[in-house]
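Numbering (UniProt numbering), first residue to last: 1 to 71. All C-beta atoms, glycine included, are put in the ideal place defined by N, C-alpha and C. One structure below.
Right under this line is the structure:
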């Protein structure tokens with residue numbers, strides 16, 4: 001999810017990450033995709049990823065399988 005390398009904790013405050021997540025949310029809510037579930041991020045469970053708070057703030061919800069967004 002974060003191709004620029006470096007510390008994921010710092011990436012979580014990067015406006016480019018927030019813009020990318022918001023684009024996913026906008027697409028889902030516009031009907032471009034149905035339910036979107038992110039199970040893994042960079043090989044780590046989405047639930048324990050440092051990116052989980054960014055997803056949750058954008059409208060994703062934790063589920064047993066990962067972070068889910070319903071369109």
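Looking only at its chain, what residues have a beta carbon closer than 8 Å to the beta carbon of residue i, apart from the 5 residues adjacent to it on each side?
i: residue 66; result: 37, 38, 39, 40, 45, 46 and 47
What residue range does the alpha helix (DSSP H) around residue i cover?
i: residue 70; result: Counting along the chain, residue 70 falls outside any alpha helix (DSSP H), and DSSP gives it neither H nor E.
i: residue 24; result: 15-29
Residues bridged to residue i by DSSP?
i: residue 62; result: 67
Out of the options, state which residue places its alpha-carbon closest to the alpha-carbon of residue i.
i: residue 55; options: 14, 30 and 22; result: 22
i: residue 20; options: 43, 71, 51 and 34; result: 51
i: residue 69; options: 31, 30, 25 and 49; result: 25
Beta-carbon within less than 7 Å of residue i's beta-carbon, same chain only, minus the 5 sequence neighbours each way: which residues are those?
i: residue 58; result: 21, 22 and 25
Within the same chain, show all residues whose beta-carbon is closer than 6 Å to that of residue i, passing over the 5 residues directly before and after it, in chain order.
i: residue 61; result: 68
i: residue 28; result: 36, 69 and 71
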